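Here the sequence shown is numbered in my numbering, starting from 248 and rising by one per residue.
Beta carbons are placed, not taken as given, at the ideal position from N, Cα and C, and that holds for glycine.
All values derive from a computational prediction rather than experimental measurement.
Worksheet for the structure shown next.
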Amino acid sequence: MFSFLNKKNQMPVEGRTVLLTGASEGMGLAVATQLASKGAHVILVSRNVGRLEEALLAVTAAASSPATQRFTYISADVAECNFAARVIAEAIAWNSGNPPDIVWCLAGLSTPLLWTHDEALPAARRNMDVNYFGAAELSHAILREWLVPTTSRTPPPEPKHLIFTASVLALLSFVGYGPYTPSKHALRGLADTLAMEMNLYPNTPVKIHLVCPATIISPGYERENRTKPGITLKLEEAEEGQTPEEVARKSMRGLEKGEYMVTCSFLGELMRCGALGGSPRNNWVLDTVLGWFVPVIYYFVLGSFNNAVKKWGREKGHPGTATVAK
């Protein structure tokens with residue numbers, strides 16, 4: 248309950264092997280370089296070999312102990328069925344026969360569209376394949392490696408860590424994110440389930456985490472804005488966004504504190520406390536107190552959002568017209 252009083256690093260990475268998906272750009276690359284600066288061995292996973300090679304150079308340059316740290320990449324598309332078995336097998340072979348100590352699922356995309364758009368359902372399936380099934384399949388593969396039956400009653404010196412990357416939109420969503428938000432809600436549901444399920448394996452401890460960043464100013468965000476409806480841009484116009492480096496740093500800080508659900512801003516923290524439901528708490532006392540106040544804030548925020556959407560509809564007309572598309 249009072250984990251905030253414990254100053255011990257709950258996720259040390261020095262000398263440990265970390266596998267990251269979506270690691271060739273944006274938040275994934277920023278996380279990889281920061282892990283390298285903390286002494287980790289890093290395996291980068293992404294589709295584009297050219298960007299992976301560039302990322303590998305950046306990560307290698309950030310190493311705190313270049314003589315001893317090791318880095319590599321594996322090219323894979325997380326949206327393809329059965330990709331994870333090959334990735335984990337290659338990672339184990341590279342890591343002297345041992346599975347990675349930490350797996351962080353960062354690969355993702357967002358395709359904002361109004362739900363009645365012709366491409367909304369295809370986009371939703373693509374978002375689910377990348378954001379949810381990509382992480383789900385990798386988690387299934389690595390947990391089967393980590394949780395093999397053992398007769399040893401002595402737990403390893405440090406637990407393994409499985410980290411999912413969701414979004415604050417898994418805590419509060421709004422118009423325009425129909426193709427995207429369900430994939431992040433599904434990811435949160437999986438993380439909540441696995442956090443409890445890991446209690447079945449006391450001799451092979453695994454910690455589950457869910458990182459929920461907000462807007463990240465990255466190449467992915469630029470691609471996202473190409474399809475984003477005008478009303479969605481309007482509701483988001485006051486949000487400045489964060490750099491990938493800032494989000495990576497704050498995510499690492501939360502993980503090192505041992506937090507289950509990690510947010511990267513004060514607003515994100517309020518959203519977390521207001522939407523916890525049955526999810527594990529970072530701190531029962533503080534989370535509960537904040538949770539009492541958040542509904543009052545939502546009364547005004549959601550009222551403002553809904554009024555803005557109604558006004559937009561009156562001024563722009565039916566969503567099926569071209570004027571409301573952007």
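TODO: Report all residues from its chain with a CB closer than 6 Å to the CB of LEU356; omit the five preceding and five following residues, and keep chain order.
DONE: VAL377
- [ ] Report the residue ranges of all alpha helix (DSSP H) runs contained in full by the segment 305 to 362; include only those spanning at least 4 residues, in chain order.
- [x] 330 to 341
Open item on the list: Restricting to Cα atoms, I'd like to know which of VAL289, ARG528, PRO369 and GLU366 is closest to THR307.
Closed with: VAL289
Open item on the list: Mapping the DSSP letters down to three states, classify HIS432 as helix, strand or coil.
Closed with: helix
Open item on the list: If you measure between the beta carbons of ALA442 and ILE455, is that distance less than 8 Å?
Closed with: yes
TODO: Please classify THR401: does DSSP put it in a helix, a strand, or coil?
DONE: coil
Open item on the list: Taking the straight line between their C-alpha atoms, what separation do you get for TYR379 and ALA413?
Closed with: 9 Å
TODO: Determine the closest residue to LEU517 out of GLU469, VAL543, GLY381 and GLN489, with distance taken between C-alpha atoms.
DONE: VAL543
TODO: Please determine, among SER311, GLU327, CYS328 and ARG333, the residue with the shortest C-alpha to C-alpha distance to TYR320.
DONE: ARG333
TODO: Assuming ILE335 contacts ILE389 (C-beta within less than 8 Å), just tell me the rounded distance between them.
DONE: 6 Å
TODO: For LYS573, name the three-state secondary structure that DSSP assigns.
DONE: Caution is warranted here: a pLDDT of 47 is assigned to LYS573, below 50, making its placement in the model unreliable, and no coordinate value can be reported.
Task: Close-in-space but distant-in-sequence residues of the same chain around PRO466 (CB under 7 Å, 5 per side omitted) - done: GLU272 and GLY273
Task: Under 8 Å between C-beta atoms of GLN316 and GLU503 - done: no
Task: Residues bridged to VAL453 (per DSSP) - done: LYS407
Open item on the list: Using C-beta distances below 8 Å, list every residue in its chain close to ARG298, excluding the 5 sequence neighbours before and after it, in chain order.
Closed with: SER271 and GLU272
Task: Contacting residues, own chain, Cβ-Cβ under 7 Å from CYS511 (five flanking each side not counted) - done: PRO460, ALA461, GLN489, VAL494, LYS497 and SER498
TODO: May I have the straight-line CA-CA distance separating LYS573 from LEU480, to the nearest angstrom?
DONE: Confidence at LYS573 is low in this model, with a pLDDT of 47, below 50, so its placement is unreliable and no value can be given for it.
Open item on the list: So GLY521 and TYR545 are supposed to be a Cβ contact under 8 Å. How far apart are they, rounded?
Closed with: 6 Å
Open item on the list: If you measure between the beta carbons of GLU392 and PRO346, is that distance less than 8 Å?
Closed with: yes
- [ ] Quick one: grab the DSSP three-state call for SER526.
- [x] coil
Task: Selection from GLU469, ALA383, ILE349 and VAL422 that minimises the alpha carbon distance to LEU282 - done: ILE349
TODO: Find out if the Cβ-Cβ distance for the pair GLY423, PRO476 is shorter than 8 Å.
DONE: yes
Open item on the list: Are the CB atoms of LYS285 and GLU261 within a distance shorter than 8 Å?
Closed with: yes
Open item on the list: If the criterion is Cβ atoms closer than 8 Å, does the pair LEU266 and ALA305 meet it?
Closed with: no
- [ ] Give every residue of the same chain whose Cβ lies closer than 8 Å to the Cβ of LEU394, excluding the five residues on either side of it in the sequence, and list them in chain order.
- [x] TYR448, THR451 and VAL453
TODO: Measure the CB-CB distance between GLY425 and ALA383 and report whether it falls below 8 Å.
DONE: no
Task: The beta strand (DSSP E) enclosing SER293, as first and last residue numbers - done: 288 to 293
Task: Of the listed residues PHE547, ASN553 and ALA438, nearest to TRP351 (C-alpha basis) - done: ALA438
TODO: Look at ASN342 and THR397 and say whether their C-beta atoms are less than 8 Å apart.
DONE: no
Open item on the list: Give me the residue from TRP559, VAL509 and LYS254 with the minimum Cα distance to ILE478.
Closed with: TRP559
Open item on the list: Among the candidates THR363, ALA302 and ALA367, whose CA atom is the shortest distance from the CA of VAL278?
Closed with: ALA302
Task: ALA433 beta carbon less than 8 Å from that of LEU482 - done: no
Task: Nonlocal neighbours in the same chain, by C-beta distance under 6 Å from ALA338, ignoring five residues either side - done: LEU266, ILE290 and PRO347
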